Amino acid sequence: MPCAGSPYHGFTCYPNHCPSSAVNQCSYLSSQSLQSPIHNPERMRILTTPRRALTTPEKRDYISAVQCLQSQPSNLTSLLPGSISRFEDFLGTHIVSTNSVHFVGHFQPWHQYLVATYERELRQKCGYKGAQPYWDWTLDVTTNSSIFSAPVLDPDTGFGGNGPYVNNAFTPRLAIPGRTGGGCITSGPFANLTLHLGPGTNVENNPHCLTRDISPLVTNKALSFAAVNATLDAADFCSFDIAHGGVHLGIGGELGTIADVYSSPGDPLFYLHHAQMDRLWWKWQQMDPERRLKDIAGPDTGSRIRLISKGTGRLQECHDGF
1 MPCAGSPYHG FTCYPNHCPS SAVNQCSYLS SQSLQSPIHN PERMRILTTP
51 RRALTTPEKR DYISAVQCLQ SQPSNLTSLL PGSISRFEDF LGTHIVSTNS
101 VHFVGHFQPW HQYLVATYER ELRQKCGYKG AQPYWDWTLD VTTNSSIFSA
151 PVLDPDTGFG GNGPYVNNAF TPRLAIPGRT GGGCITSGPF ANLTLHLGPG
201 TNVENNPHCL TRDISPLVTN KALSFAAVNA TLDAADFCSF DIAHGGVHLG
251 IGGELGTIAD VYSSPGDPLF YLHHAQMDRL WWKWQQMDPE RRLKDIAGPD
301 TGSRIRLISK GTGRLQECHD GF
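Using UniProt numbering, the letters of the sequence shown map in sequence onto residues 1 to 322.
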């Protein structure tokens, strides 16, 4: 089970510092549906890389691998009746695990494991040769409008941009200031993507498009260098992941796919964002490795998961910022 210090970051694993197999094999469904546990993570992961450092052919190779995974048949129709692809198997696993892996101490390592397994599938099923890229969003929020011209949203070599503006007729769970979209994305390689799981907890066949609802007001505040520095200045794990919601709510707004706490992996940007979160977690740990490699915090409320810390790991009441 990958944990902080694993080869996911290109460093040697410290198994004695991992909190009880990180997340007790993530959850029963994840360990079954994603064909885990992983007994030798060193054979699974290679160095992650910043997306901006990829060449144009490498960017296209990654997108092609994601599209390939979207064409591979589902292994999980008995558990996720609406899933039609391996890509949607990951989406569905997140949907049914959400209540067990959000607002809990094991939020961060569980999502690390999901991204690691997703990357393995890209290589094993679709012949991808590179590493899972991360999106360093701090480089794309330097002005009020720069998020719209972010390379990761490029219609040719990126993931496409915003959806057209849609007036939200419903009272949102969380009102997002400055939202600009909400409709189906109209550019990029996923403009015609049909998702079959979600929104929300739905795992039946429910065809719908990928939507984005970008808010520069949110991205500029939540994804800035200042926000990241505040995260890295956190004294303990409980305070660490305040930057997490910046992409979900800044790119997803009120109506975007990635803003849905259950079905956010329907947007392929999800995996680049969580690779970045994992990178920041590792960076934070390396500022005080003796203490922080053991530091895990948050309520243990999962219905299928129990978090049992080793060493000086501790549980506190905190939330993951989604």
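Note that the Cβ used here is the ideal one computed from N, Cα and C, for glycine as well. Since we're looking at a predicted model, the values are computed, not measured.
At least 9 Å separates the beta-carbon of Arg52 from that of Gln72.
Looking at Lys59, Val101 and Gly183, the one whose alpha-carbon comes closest to that of Tyr165 is Gly183.
The C-beta separation of Arg212 from Thr48 comes to about 24 Å, leaving the pair out of contact by the 8 Å criterion. If you check the CB distance, Tyr262 and His106 do not come in under 9 Å. Here DSSP, grouped into helix, strand and coil, assigns Tyr165 to strand. Selection Ala65, Leu255 and Gln286 evaluated against Thr171 yields Leu255 as nearest (Cα-Cα).
Per DSSP, reduced to three states, the secondary structure at Leu193 is coil, with no helix or strand assignment. DSSP places Thr157 in no alpha helix (DSSP H); its state is neither H nor E. Judged by DSSP in its simplified three-state form, Thr211 adopts strand. In the structure shown, Pro265 adopts helical secondary structure according to DSSP, grouped into three states. Distances from the alpha-carbon of Asn99 to those of Thr201, Ala230, Pro109 and Met277 put Thr201 closest.
Judged by DSSP in its simplified three-state form, Thr77 adopts coil rather than helix or strand. Spanning the alpha carbons of Asp89 and Phe225 requires a straight line of approximately 34 Å. Straight-line spacing of the CA atoms in Asp140 and Ile147 works out to 5 Å. Runs of the beta strand (DSSP E) lying entirely within the region 52-123, each at least 3 residues long, are absent. Straight through space, the alpha carbons of Ile185 and Gly163 are spaced by roughly 4 Å.
When only Cα atoms are considered, Cys238 and Asn229 end up about 16 Å apart.
Contact between the region 104-119 and the region 73-82 is absent: fewer than three C-beta pairs spanning the two stretches fall below 8 Å. Tyr271 carries a helical assignment under DSSP once its states are collapsed to helix, strand and coil. For Gly246, the three-state secondary structure derived from DSSP is helix. Under the criterion of beta carbons closer than 8 Å, Leu69 and Glu119 do not qualify as touching, at roughly 11 Å. The Cβ-Cβ distance between Gly188 and Gly253 does not fall below 9 Å. Secondary structure at Thr49: strand, using DSSP grouped into helix, strand and coil. Annotation: Pro155 to Gly161 spans about 7 Å, alpha carbon to alpha carbon.
Across the set Gly178, Leu217 and Ile258, the C-alpha of Ile258 shows the shortest separation from the C-alpha of Leu210. DSSP, read as helix, strand or coil, puts Pro177 in coil.
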